[in-house]
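Below: the structure, in structure tokens.
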Amino acid sequence: MRLLILGGTVFLGRSVAETALAAGADVTLFTRGRTHPGAVPGAHRLTGDRAGDLAALREGEWDLVVDTSGFVPRDVLAGARLLEGRAARYVFVSSVNAYPGWPDESGIDEASPVHECAPDAGPEDGDYGKLKVGCERAVLSVFGPERTLVARAGTLVGPHENVGRLPAWIERAERGGPLLAPAPPERPVQLLDARDLAAWMLEPDRTGTFNALGPDATFAELVDALGAADRVVWKTDDELTAAGVEPWTGLTFWLPEADGPGAMRADGRAAAIRTRPLAETVADTRRWLLEAGGRDEMAAAPPARGGAEILDDAYFLK
376 MRLLILGGTV FLGRSVAETA LAAGADVTLF TRGRTHPGAV PGAHRLTGDR
426 AGDLAALREG EWDLVVDTSG FVPRDVLAGA RLLEGRAARY VFVSSVNAYP
476 GWPDESGIDE ASPVHECAPD AGPEDGDYGK LKVGCERAVL SVFGPERTLV
526 ARAGTLVGPH ENVGRLPAWI ERAERGGPLL APAPPERPVQ LLDARDLAAW
576 MLEPDRTGTF NALGPDATFA ELVDALGAAD RVVWKTDDEL TAAGVEPWTG
626 LTFWLPEADG PGAMRADGRA AAIRTRPLAE TVADTRRWLL EAGGRDEMAA
676 APPARGGAEI LDDAYFLK
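Residue numbering for the sequence shown follows the working numbering, beginning at 376 and increasing consecutively.
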């Protein structure tokens, strides 16, 4: 397979590239060459900027394009038009933020209403969720539904995560002492390993629009995978809020039920993504973070949207 990745050196894009190379694919990365330029040995490299410099994409043919870096519809549209006659299929990584009902509604599936956004919209024409819908429509307007796969991703984790959400939990667990977690222990958490999403997107002939979500797990399972089940301190939404804990950024994966009752309760059954156990994802991410240079890798990447902080558990448990 000849694969073109629009991105490919950061987190999900890197997972796609490494998964494809391991399967024997011929992989080409189109990037600006600024972040982790030495990542993914074995891949061909094209340098440009999808916001205005697409010259490097004017030649070449590919069986599949995987777009992990599209955020502005008019830029995605320009690239899709340029590639349409030289690429067989196009995979676009969107987001559950495409749904105006997320994270307020539980059970959001692919039939739920999405935002309205034109396929040629610019960055000034909407927020993240709206612009992702515009990007989806940009690709579909060029490649058509029979040649397009849209993956509306939820919360992605795993090695090379530049957002820092799972690494924040790992760093806190490594510190020892009490570990603060949102009660009740059976509270749901949907975390999708980026490597599992990569493998699913690379499956041949897959088209359609799907929610790409992790398996239904719980915070108790997460804490257990971190090896901290014997020192976890469960606190209710009211207690966490009163203590001043910041939802999502301060205590990642947590939103108060009043603010996001559907955040970890979307419906991803239609995609039928084969997922590894949460404990395996945690162990692999810990190994990358603490033993394989993950901290340095995160520091070298640009700040990610929705980046996490490392909670001072002891301070909030005074």
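Glycine is no exception: its CB is placed at the ideal position from the N, C-alpha and C atoms.
Worksheet item: Looking at C-alpha atoms only, which residue of Glu655, Gly668, Asp599 is the closest neighbour of Ala556?
Response: Asp599
Discussion item. Assuming the contact rule is C-beta atoms closer than 8 Å, Gly504 and Leu588 should be a hit. Round their C-beta distance to whole Å, please.
Written reply: With a Cβ gap of about 16 Å, Gly504 and Leu588 do not count as contacting.
Fill in: Buried versus exposed, by CB contacts within 10 Å (16 or more), Leu379
buried
Discussion item. For Ile483 and Ala647, what's the separation of their Cα atoms in angstroms?
Written reply: 16 Å
Fill in: contact_flag[the stretch 481-495, the stretch 428-438] where n(CB pairs < 8 Å) is 3 or more
no
Discussion item. According to DSSP, simplified to helix, strand and coil, what is Ile648?
Written reply: coil
Worksheet item: What is the DSSP secondary structure of Trp372, reduced to helix, strand or coil?
Response: No answer is possible for residue 372: it lies beyond the span of the chain, which begins at 376 and ends at 693.
Discussion item. Using CA atoms only, rank isn't needed, just tell me which of Arg407, Lys507, Asp687 is closest to Leu421.
Written reply: Arg407
Discussion item. According to DSSP, is Leu692 part of a helix, a strand, or is it coil?
Written reply: coil
Worksheet item: Which partner residues does Val508 have in the DSSP bridge list?
Response: Val508 is not bridged to any residue.
Worksheet item: How long is the line joining the alpha carbons of Tyr465 and Leu439, rounded to whole angstroms?
Response: 6 Å
Worksheet item: What residue range is occupied by the uninterrupted alpha helix (DSSP H) comprising Ser481?
Response: Judged by DSSP secondary structure, Ser481 falls outside any alpha helix (DSSP H); it is assigned neither H nor E.
Worksheet item: DSSP three-state call for Arg420: helix, strand or coil?
Response: strand
Practice prompt. For Phe594, collect the residues of the same chain with a Cβ closer than 7 Å to its Cβ; drop the 5 residues on either side in sequence, then sort them by chain order.
Written response: Ala556, Pro557, Pro560, Arg562, Val564
Worksheet item: Distance, Cα to Cα, Leu531 vs Glu655?
Response: 14 Å
Worksheet item: Is Phe467 near the ligand NAP, with its Cβ less than 7 Å from a heavy atom?
Response: Ligands in the displayed structure: none, and consequently the ligand NAP is not present.
Item to complete: Please report how far the alpha carbon of Gly519 lies from the alpha carbon of Glu480, in whole angstroms.
Response: 30 Å
Item to complete: Give the straight-line distance between the Cα atoms of Ala674 and His535, rounded to the nearest whole angstrom.
Response: 11 Å
Discussion item. Would Ser470 and Arg527 be called neighbours here (beta carbons separated by less than 8 Å)?
Written reply: yes
Practice prompt. Write down the C-beta distance between Leu650 and Asp571 rounded to the nearest angstrom, noting that I regard them as a contact closer than 8 Å.
Written response: Position check: residue 650 holds Thr in this sequence, whereas Leu was assumed. The Cβ separation is near 5 Å, so the contact holds.
Worksheet item: Val402 to Ala418, Cα distance in whole Å?
Response: 5 Å
Worksheet entry | Sequence-distant residues of its chain with Cβ nearer than 8 Å to Thr582 (five each side left out) | Arg464, Pro520, Glu521, Arg522, Thr523, Leu524
Worksheet item: So what's Ser444 in DSSP terms, helix, strand or just coil?
Response: coil
Worksheet entry | Range of the contiguous beta strand (DSSP E) that encloses Thr530 | 530-532
Fill in: Burial state of Arg512, where buried means 16 or more other Cβ atoms lie within 10 Å
buried
Worksheet entry | Member of Glu614, Asn586, Ala683 whose CA lies at the smallest distance from the CA of Trp623 | Ala683
Fill in: Where the beta strand (DSSP E) through Ile699 begins and ends
In the structure displayed, the chain extends from 376 to 693; residue 699 sits before or after that span and is not available.
Discussion item. Using a 10 Å radius around the Cβ and a threshold of 16 neighbouring Cβ atoms, would you call Gly509 buried or exposed?
Written reply: buried
Worksheet item: Taking contact to mean at least 3 C-beta pairs separated by less than 8 Å, is the stretch 628-636 in contact with the stretch 472-479?
Response: yes
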